[in-house]
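Okay, structure first, notes after.
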Amino acid sequence: REHTDTYEQWYEGRYKRAEVWQKKIMAQLVGKDPGIKELLEFGCGTTRFTRWWKEIGIEATGGDLSPFMLGQAVHLFDGDLVNADSHYMPFKDNSFDVVAFITTFEYYIDPIQVIKEAARVGKRGIAFGMMNRNSPKVLRRRVQEIFGKNPFYLTATFYTPQLLTQKIHEALSGRKYTIEWTCTGLPKWFPLQQWSLPIGDFFGLYIRFDD
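Residue numbers (our numbering): 1 to 211.
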């Protein structure tokens with residue numbers, strides 16, 4: 001609870017520039033399919049990203065396991081919210097066009113089960129916004145944890161695009177799909193802020209179902 005009340009403020013500080021680029025690449029990936037009208041974002045937190053989907057023409061529903069996060073979200077988001085576990089989504093098959101996870105997939109106990117559930121509920125695809133393992137920040141976070149600081153990532157498993165793709169292949173065996181990804185979260189001084197190399201603080205990955 002001590003962190004939920006200041007969650008939104010954190011995004012308005014030094015993290016703001018990173019958020020702009022994260023939204024930009026997620027819009028590129030998801031926006032390529034004009035058939036996407038309804039989206040379920042699991043791990044929605046205070047709905048920081050969930051509120052934004054509307055700006056690119058997508059109606060979003062938010063889901064989260066934390067009642068404290070949803071307690072904040074209900075005052076900020078005018079869409080539907082559900083208190084539920086992403087491992088067992090309380091929705092019928094193909095209830096949404098897409099299921100999205102924005103910097104939350106890293107915390108799931110059984111990622112294979114979550115991908116399977118997302119594939120069941122999302123009929124057109126699955127969108128991931130991920131904290132990249134190929135980033136200096138990951139090493140910094142682990143060092144901070146050794147000294148008892150920055151507890152937010154203690155239970156997180158960081159992925160690269162390749163590692164996440166392996167999980168996807170394992171979970172979606174027998175399905176036909178296309179995967180696209182791109183990275184951002186590069187230093188401000190760097191000449192590029194987005195590229196197709198698996199290096200950067202954040203990557204977006206989209207699974208488009210072809211069957």
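Glycine included, every Cβ here is placed at the ideal spot set by N, Cα and C.
Measuring straight from C-alpha to C-alpha, what distance separates Gly200 and Phe91? Each residue's Cα considered, the two are about 34 Å apart.
Per DSSP, cross-strand counterpart(s) of Cys44: Bridge partners of Cys44: none, in fact.
Chain-order list of residues whose beta-carbon lies under 6 Å from that of Glu117 (same chain, five-residue window excluded): Closer than 6 Å at Cβ, skipping near neighbours: Met89.
Should Gln227 be labelled buried (16 or more other beta-carbon atoms within 10 Å of its own) or exposed? This structure gives no information on residue 227, because the portion of the chain shown stretches from 1 to 211.
Cβ pair Tyr206, Glu180 closer than 7 Å: For the 7 Å CB-CB criterion, Tyr206 and Glu180 form a contact.
Which of helix, strand or coil DSSP assigns to Trp52: The answer is helix: DSSP assigns Trp52 an H, G or I state.
Who are the near neighbours of Leu76 in its chain, counting only those whose CB is closer than 8 Å to its CB and skipping five residues on each side? So the qualifying residues of the chain are Glu8, Thr46, Thr47 and Arg51.
Please report the straight-line C-alpha distance between His3 and Ala171, rounded to a whole angstrom. Any reading at His3 must be qualified, since the residue scores a pLDDT of 49, below 50, and its modelled position is unreliable; no value is offered.
So, is Asp64 buried or exposed, given that buried needs 16 or more other C-beta atoms within 10 angstroms? So Asp64 counts as buried.
Straight-line CA distance for Phe105 to Phe190? Cα to Cα, the separation comes out at about 28 Å.
Since Glu59 sits in a beta bridge, which residues does DSSP pair it with? When DSSP reads this structure, Glu59 sits in a beta bridge with Glu38.
In this structure, how does DSSP classify Lys167 when only helix, strand and coil are distinguished? Secondary structure of Lys167 (DSSP, three-state): helix.
Give me the residue from Asp211, Phe209 and Gly204 with the minimum Cα distance to Gln28. Comparing Cα positions, the closest option is Gly204.
Output yes or no for whether 7 Å exceeds the beta carbon distance between Ile36 and Asp97. Remark: C-beta atoms of Ile36 and Asp97 approach each other more closely than 7 Å.
On a CA-only basis, which of Gln113, Ile58, Lys24 and Ala18 is nearest Ser173? Give me that one, please. Minimum Cα-Cα distance from Ser173 among the listed residues Gln113, Ile58, Lys24 and Ala18 corresponds to Gln113.
Just the C-alpha distance for Thr103 and Ser66, rounded to the nearest angstrom, thanks. Each residue's alpha carbon lies about 15 Å from the other.
Using beta-carbon positions only, say whether Val99 and Gly71 come within less than 7 Å of one another. No.
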